[in-house]
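Keeping their order, the protein sequence lines are chains A and P.
Residues in the first sequence are numbered consecutively from 1, following the working numbering.
Residues in the second sequence are numbered consecutively from 1001, following the working numbering.
Even for Gly, the Cβ is constructed at its ideal location relative to N, Cα and C.
Heads up, the thing below is written out as structure tokens.
There are 2 protein chains.
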Amino acid sequence: MRYKGLIENPSVAYRHRKVLVTGGLGFIGSNVAVRLAEAGAQVTVVDSSVPGCGANSYNLAQAPGVRVIHADIRDSGALAGELLGVDFVFNLAGEISHVHSMQNPSRDADLNATAQLHFLEECSRQAPGRRIVYASTRQIYGVPQYLPVDEQHPVRPVDFNGVHKYAATVYHQLWTEMGRLDARILCLTNVYGPRMALNVPGQGFLGHFLRVGLLGETIRIFGDGRQLRDPVYVDDVVDAFLMAGAADNPPRRLWNVGGAAALPLATIAETIARVAGAPAPVYQPFPPEHKTIDIGSYSTDSSRIRKDLGWRPTIPFEEGIRRTVQYFGPELPHYLSRCAVMATRRS
Amino acid sequence: MRYKGLIENPSVAYRHRKVLVTGGLGFIGSNVAVRLAEAGAQVTVVDSSVPGCGANSYNLAQAPGVRVIHADIRDSGALAGELLGVDFVFNLAGEISHVHSMQNPSRDADLNATAQLHFLEECSRQAPGRRIVYASTRQIYGVPQYLPVDEQHPVRPVDFNGVHKYAATVYHQLWTEMGRLDARILCLTNVYGPRMALNVPGQGFLGHFLRVGLLGETIRIFGDGRQLRDPVYVDDVVDAFLMAGAADNPPRRLWNVGGAAALPLATIAETIARVAGAPAPVYQPFPPEHKTIDIGSYSTDSSRIRKDLGWRPTIPFEEGIRRTVQYFGPELPHYLSRCAVMATRRS
């Protein structure tokens, strides 16, 4: 099969197709599920709502066509019927928190490495050769040795989350090299947008900034706010997932996915505060537990995915924040519920 | 504490010290244990004799001073008393087989990653800040992008064993960065010598060549025999372990450890056959299950450990093979026992 070239409208590939989304109650997973349902796919979400990982059943409340199975991705019994005959798997189950991983490395190993190992074995048994798009992370690269970071950048994770996400990344590659699955991998930078887990600590600074700003409180920035990040709007990321899944025989199978612009944290915070109508941000020293895993500035070289699939970020940061604030306006109570807080405390 | 410079006689550091050797019934682990006992250390070996991993209780039969605890390194109950007050840990427990890892990835994850994660947590709790020397592997680098391979070479494991050994390597680094252990890591090339697991399939080509040669049979080489390897004699590797453990505040904590010369497989096989008095080797095509994970030629740049610790390989290959053949002459039955074969079959 030859490579079909750039993907102009990936949605058509999914019409009437059977698609499984792991971690589909989470932030990015639910956005992927919603878009797939809109594209006419038969979408099943698998999510075990592990406390602290950001699942929120409200994320799919307005997506009635999506079936939700409350199961762990290791539960081959619960998944058996779902994997048989599945056309695509979007694999977003996991824990994204650096901080949680340093507090409890075994939990992170279990959720991000062991669980994926079992899931991929089951996939390759029940749905051999099937396409699977995995949500990996820029964290596998660790502290950038140069900017922007491309796919040739050395792998050097600086926390447990990074090493376990890297292990799962290699698992996807190995099953593909063995000819037992057809995996594609996206190494995501900081993603933001509707359905973010605003009230789950340790899910990244963007959700934290947004929560504080949406509550009309003052965003506190650790350090001088000069570190760069290249936030990418979730709709753009969903495009990347759909393009990665739709590509026939792509020339490469791992792509970095980043935002259009590298912005100082100060600019990011000021934009959020301004759009949300919150007070101007203030600055304070890094707390010690964050300093350990601070990686300085980061920005993504997304030219490979642009070249291979035609993907590029389309939503400027301020516009993305405007849409995000607009989404959360009426929905905020569903993302600040006491339930979410309690779930986190149990983790 | 300042770095004390090159280690001329590492043995003195271990006299009357309490030392734990994990995987100490295995090939390299038992050689480390024997040398430490000779140096006057109080040596305790922990080994659970996992079938297929190369443990052989005969390896310590002539080392009466060494205590052996038959326990899994995850068994914190069994280890509790041993870790309290320990001065050094030599951490060699694990499964080294590429082939086994491709046949059963979960088993490899369990033995090489999860077990190490639990063990390091327990070490850091019971023996905080303690020195630990970990046996990592050249496999973390995957297919060499250049030769000889130094420590800056990109990490790109090509099998499950490589990714799990890499995860455990990073675990050691992270616990050290958190200030909870003082780990040093050796990335070993192919090691050979007395106490090798000759009769355990999947433990590398050197043990296989030696077993066939020692039985007077014909060594069969896969491919044309031109791939390079730089075998290193186990006594040299034991030196590296003792030096790495003895160094106060070394400038780096991860070192590649390789042999003095990169030799074609054909030369390696011919040397073994000649010294062992076996027929000349023959050549045959690569079997498919090996081809997947063949990495071509490999040779090690050991200049960092030479610079930091003063280590260098001292035993030329032919001399090492002579000593190995001499060791196994009277001992061969203990390394070809039916027991070892059966244990392997159960794996």
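Of all residues in the region 207 to 227 of chain A, none comes within less than 9 Å of chain P when Cβ atoms are compared. Counting along the chain, A:Ile272 sits inside the alpha helix (DSSP H) bounded by residues 265 to 276.
The beta carbon of P:Asp1236 lies closer than 7 Å to those of Pro1313, Thr1314, Ile1315 in the same chain, with the five residues before and after it left out.
A:Ile185: member of the beta strand (DSSP E) spanning 182 to 188, first to last residue. In this structure, A:Phe241 lies near A:Val133, with their beta-carbon atoms less than 7 Å apart. Between A:Pro10 and A:Met243, the C-beta gap is smaller than 7 Å, which places the two residues in contact. Considering only A:Asp224, A:Ile295, A:Gly94, A:Tyr233, the residue with the shortest C-alpha distance to A:Ala115 is A:Gly94. Contact of P:Ser1106 with chain A is assigned, a C-beta pair being separated by under 7 Å.
By the 16-neighbour rule on beta-carbons within 10 angstroms, A:Arg15 is exposed. Note on P:Val1282: under 16 other CB atoms within 10 angstroms of its CB, so exposed under the neighbour-count rule. Within chain A, the C-beta atoms nearer than 7 Å to that of P:Phe1160 come from Leu174, in chain order. Not a single C-beta of chain A is nearer than 7 Å to the C-beta of P:Ala1061. For P:Phe1241, there is no enclosing beta strand (DSSP E); the enclosing alpha helix (DSSP H) has its first and last residue at 1234 to 1246.
Annotation for A:Pro105: Phe160 place their beta carbon closer than 7 Å to its own, counting only its chain and skipping 5 residues before and after. Around A:Leu117, the beta-carbon contacts reaching into chain P at under 9 Å are Pro1105, Ser1106, Ala1109, Phe1160. Beta-bridge analysis with DSSP links P:Tyr1192 to P:Tyr1233. Two segments are said to touch when three or more pairs of C-beta atoms, one from each, lie closer than 8 Å; by this definition the region 1056 to 1069 of chain P does not touch the region 1122 to 1141 of chain P. With a cutoff of 7 Å on beta-carbon distance, A:Val163 and P:Ala1167 are scored as near each other. A direct Cα-Cα distance of roughly 17 Å separates A:Ala262 from A:Gly223. Distance check between A:Arg253 and each of A:Leu147, A:Ala260, A:Ile305 places A:Ile305 closest, using alpha-carbon atoms only. According to DSSP, P:Asn1256 shares a beta bridge with P:Cys1187. Taking C-beta atoms under 8 Å as the contact rule, A:Val212 and A:Asn31 fail to qualify, at a distance of about 22 Å. Nearest neighbour of A:Ala37 by Cα position, chosen from A:Val200, A:Val191, A:Ala13, A:Ser48, turns out to be A:Ala13. Here P:Phe1286 is exposed, its C-beta having fewer than 16 other C-beta atoms within 10 Å. In this structure, the straight-line span from the alpha carbon of A:Leu265 to that of A:Asn190 is close to 12 Å.
Judged by beta-carbon spacing, A:Val99 lies within the 7 Å limit of A:Gly202, meaning their Cβ atoms are closer than that value. Looking at the backbone, the Cα of P:Gln1145 and that of P:Ala1041 are separated by about 41 Å. A check of alpha carbon separations from P:Ser1302 across P:Gly1026, P:Val1021, P:Leu1083, P:Gln1152 identifies P:Gln1152 as the nearest.
Taking C-beta separations shorter than 7 Å and ignoring five residues to either side along the sequence, the partners of A:Ile321 in its chain run Thr271, Ile272, Val275, following chain order.
Following the DSSP letters along the chain, one finds P:Val1050 in no alpha helix (DSSP H), marked with neither H nor E. Taking C-beta atoms under 8 Å as the contact rule, A:Ile28 and A:Ala135 qualify, at a distance of about 6 Å. Scanning chain P for C-beta atoms nearer than 7 Å to the C-beta of A:Pro148 yields nothing, as the closest lies near 18 Å away.
Beta-bridge analysis with DSSP links A:Tyr283 to A:Ile221. Annotated three-state conformation of P:Val1066 is coil, per DSSP. Against chain A, the CB of P:Val1155 has a partner CB under 7 Å away; the residue lies at that interface. Neighbours of P:Val1012 in chain A, taken as residues whose beta carbon is under 9 Å from its own, are absent, since the nearest beta carbon is some 35 Å off.
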